[in-house]
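I have placed the structure first, in the form of structure tokens, so that the comments after it can refer back to it.
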Amino acid sequence: MIAAVVDSGAIADPPGKPAHLVYCRVIGVVRPVPGSEIGFEVWLPLAGGWTGRLQMFGNGGYSSDLPRAQMLQGVARGSVVVAGRWPAAGRRLDKGASLR
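Per our numbering, residue 102 is the first one in the sequence shown, and the count goes up by one each step.
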């Protein structure tokens, strides 16, 4: 697991990105069973900026893309945002993989 404070000015501009935002970005991977790998990211507003809300995003299917523009908008509103990526970034689903 990796955690870092991020300045949104360092991120390539996705459409709808707030002008400037600083937040904490946590990147993790869980492996609940052998051979599985589920990636996730949690973005948190800095101290004093949290409204008590949690916003979760899904990406549908087997995409490892995150809805970054929507996540940035959520953090800008003071929400903690969570999104999963399956398979984890950089990995491809094996042709013979089973979803059982």
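Even glycine gets a Cβ: it sits at the ideal position worked out from N, Cα and C.
Where residue i falls: helix, strand or coil (DSSP)
i: glycine 185; result: strand
i: alanine 148; result: coil
i: lysine 196; result: Unreliable positioning characterises lysine 196 in this predicted model, as indicated by a pLDDT of 46, which lies under 50. A coordinate reading is not provided.
i: valine 134; result: coil
i: leucine 155; result: strand
Residues that residue i bridges to, as DSSP identifies them
i: glycine 129; result: Phe141
i: leucine 168; result: The sequence given here places proline at residue 168; leucine does not occur at that position. Looking at the DSSP assignment, proline 168 forms no beta bridge with any residue, so it has no partner.
Straight-line gap, residue i to residue j (C-alpha atoms, nearest Å)
i: glutamine 156; j: glycine 149; result: 17 angstroms
i: glycine 129; j: aspartate 166; result: 15 angstroms
i: serine 142; j: isoleucine 103; result: First, the residue type needs correcting, since residue 142 is glutamate and not serine in the sequence shown. Taking the straight line from one Cα to the other gives about 10 angstroms.
i: valine 107; j: arginine 132; result: 26 angstroms
i: leucine 173; j: threonine 152; result: 15 angstroms
i: alanine 170; j: glutamate 138; result: 24 angstroms
i: phenylalanine 158; j: valine 134; result: 23 angstroms
Presumed contact (8 angstroms Cβ cut-off) between residue i and residue j, rounded CB distance
i: glycine 185; j: glycine 140; result: 7 angstroms
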